[in-house]
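Student: Quick one: the structure is below, questions incoming.
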Ligand code: TMP
C-alpha cells in the first residue's frame, strides 16, 4: 500500500476517503458479480512535491488490458481537439530539417497520430491495450503494442531514434511510477526536444467540485506546481501551461528537455492562480472535501424526491467517472434503473459496483425517462444539442457540475 508520495517519498496528507470503490471501467456481466474487485479509494497530498494522488491503486494490468473499453475516436469533439492539437504542435515545433519525429504515449486508436500518418510525418504510437492498438495499426499508424518501460524506451532509441516531441493526452496521470516514466521520456527525447502532455487539471476539479475525475485509473491529479517539480528533478523545464476544455477542464504542459529554459509570463500568472486557489497547501482541499460531501447530499435528495413524485430517471453515458459518483453516493438501480451508452463493449453489461444495467443508446431512446442524469457532463454542449427533441418534449437533464441541479 502506498502511503508516501510517489515523487518525494514523503508521507502523504490524506485529503478524502471515497470508501470502497470498484474499477472505474470495470463494466461486468452478472456471472462475474461475485468476483468483482474493490479497493479503498483515498486521495492524498504531498506538502513538498504538491502532488495530489491516489493513496492506493489497483495493479495497472487489471485496468489496461486487451478489452479496455475506451475508444477515443467515438467522440467528435475529441477528434476535432486532437486534429487541431496535432496541427498546432507540428506547425510550432517542426524544425527546418525535414526529419521531425513525434512519439505518442497511449496513442489509443490513433486519433492524434492520424494527422502525422496522413501528412507522411515520422511518428510512433505506444499503446499497451491490444484492442485499440490493433485499430490504430489497421489505420497504418506506426504503433508499438507495449507498456512504456526501460526496455521499450531503449528499443525505441535503437530502432527509431530520438524524438523532437513526446506527446501524451490523458495518459501520464495513469502511470504510478512517475520518476521512472519521466526518466524514460527524457531518454527518448532529443536534446532540446519537448514533452507536451495534457491531463485533467486539479484546479478545475477543485473549482468545479468534479470529484468524479477521481477513479482508480487516475493516480495523479496534476497541478502546474507539481508538474514543474516532477521535471525539475531530471533537469527538464516546464516553460508553459495552456488550459484546455477537454475532459471537463484539462491543462496542457510544455516541458523542454533542458535546464533553465526560458519560461512564459502566462506560466507565472497560472502559478499565482494556483496559490490563490489554495492547491499548493491544504487549504483548497478542505474546500474540495466539503464540496464533495454536499454534492452527494444534494444529488441523493433530488433523486429520492423525483422517485417519490413518480418521475423516472436514467443515466446518460456510462462513463468511468460515473463509477465514482454511483459508488460514493451508493446509487443503485432503485434510483437509476439503467444507464444508456454508445460503446458496444459496455452494452448489456452492468455498471461497476452498483450493478446498474447498461442499455444501448438506440434501444433506450425508444422509451425515454422524464430525467437523465448527465454522467458525460464534459460533453454537455454536444449532448444537449443532440437531445434537443427530448428537451422539447419536456425531458430534463440533471447535472452535478458545478453544483447539483436540474438544467433549466
Ligand atoms: P468520457 O469521454 O467522458 O470518458 O465518456 C465516454 C463514455 O461516454 C463512453 O462510454 C461513451 C459515452 N457517451 C455516450 O454514451 N453518449 C455520448 O453522447 C457521449 C458524448 C459519450
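Residue numbers (our numbering): 2 to 409.
We put the CB at the ideal spot given by N, CA and C, even for glycine.
#1: May I ask whether a heavy atom of ligand 1 can be found less than 7 Å away from the beta carbon of residue 383?
#2: Please report how far the alpha carbon of residue 212 lies from the alpha carbon of residue 54, in whole angstroms.
#3: Within the present structure, is the beta-carbon of residue 362 separated from the nearest heavy atom of ligand 1 by less than 7 Å?
#4: Let me confirm a value: residue 253 is counted as buried when at least 16 other C-beta atoms fall within 10 Å, else exposed. Which label applies?
#5: Between which residues of its own chain and residue 77 is the CB-CB distance below 8 Å, once the five residues before and five after are set aside?
#6: Determine the burial state of residue 162: buried for a count of at least 16 other Cβ atoms within 10 Å of its Cβ, exposed for fewer.
#7: Using 8 Å as the threshold, is the region 338-348 in touch with the region 308-318, meaning 3 or more CB pairs across them?
#8: Give a yes or no on whether the C-beta atoms belonging to residue 203 and residue 280 are separated by under 8 Å.
#9: In the DSSP assignment, find the unbroken alpha helix (DSSP H) run with residue 389 in it and report its ends.
#10: Which residue's Cα is closest to the Cα of residue 57: 50, 289 and 39?
#11: Would you decide whether residue 335 is buried or exposed? Buried here means 16 or more other CB atoms lie within 10 Å of its CB.
#12: Between the alpha carbons of residue 80 and residue 36, how many angstroms are there, rounded?
#13: Whole angstroms are fine: how far does the CA of residue 164 sit from the CA of residue 179?
#14: Please tell me whether residue 385 and residue 357 are closer than 8 Å, where the distance is taken between their beta carbons.
#15: Just to confirm, are residue 359 and residue 348 a CB contact at a threshold of 8 Å?
#16: Whole angstroms is fine: what's the gap from residue 92's alpha carbon to residue 246's?
Tutor: With the structure as the only source:
#1: As a first step, residue 383 is located in the chain shown; it is residue number 382 there, counting from the start. Taking 7 Å as the cut-off, one finds at least one heavy atom of ligand 1 near enough to the beta carbon of residue 383.
#2: Taking the chain shown and counting its residues from 1, the one referred to as residue 212 is at position 211. Taking the chain shown and counting its residues from 1, the one referred to as residue 54 is at position 53. The straight-line gap from Cα to Cα measures roughly 13 Å.
#3: The count along the chain shown starts at 1 and reaches residue 362 at position 361. Correct: residue 362 has its Cβ closer than 7 Å to ligand 1.
#4: By one-based count along the chain shown, residue 253 stands at place 252. By the 10 Å Cβ count, residue 253 comes out buried.
#5: Along the chain shown, one-based indexing puts residue 77 at 76. Counting only Cβ-Cβ distances below 8 Å, and skipping sequence neighbours, we find 383.
#6: Taking the chain shown and counting its residues from 1, the one referred to as residue 162 is at position 161. By the beta-carbon neighbour count (other beta carbons within 10 angstroms, threshold 16), residue 162 is exposed.
#7: Short answer: they touch.
#8: Your numbering for residue 203 matches position 202 in the chain shown. Your numbering for residue 280 matches position 279 in the chain shown. Cβ distance < 8 Å, so residue 203 and residue 280 count as in contact.
#9: Against the chain shown, residue 389 aligns to sequence position 388. Start and end: 389-393.
#10: For the purposes of this step, residue 57 is taken as the residue at position 56 of the chain shown. Nearest of 50, 289 and 39 to residue 57, Cα basis: 39.
#11: As a working note, residue 335 is residue 334 in the chain shown. Counting Cβ neighbours within 10 Å, residue 335 comes out exposed, since fewer than 16 surround it.
#12: For the purposes of this step, residue 80 is taken as residue 79 along the chain shown, with counting starting at 1. For the purposes of this step, residue 36 is taken as residue 35 along the chain shown, with counting starting at 1. Those two C-alpha atoms are separated by around 36 Å.
#13: As a position in the chain shown, residue 179 is number 178, starting the count at 1. As a position in the chain shown, residue 164 is number 163, starting the count at 1. Roughly 20 Å separates the two Cα atoms.
#14: Along the chain shown, read from residue 1 onward, the residue named residue 385 stands at position 384. Along the chain shown, read from residue 1 onward, the residue named residue 357 stands at position 356. It is not a contact, given that the beta carbons lie outside the stated cut-off.
#15: Start at 1 with the first residue of the chain shown, and residue 359 comes out as number 358. Start at 1 with the first residue of the chain shown, and residue 348 comes out as number 347. Yes, the Cβ-Cβ distance between residue 359 and residue 348 is below 8 Å.
#16: Taking the first residue of the chain shown as position 1, residue 92 is located at position 91. Taking the first residue of the chain shown as position 1, residue 246 is located at position 245. For residue 92 and residue 246, the distance between alpha carbons rounds to 21 Å.
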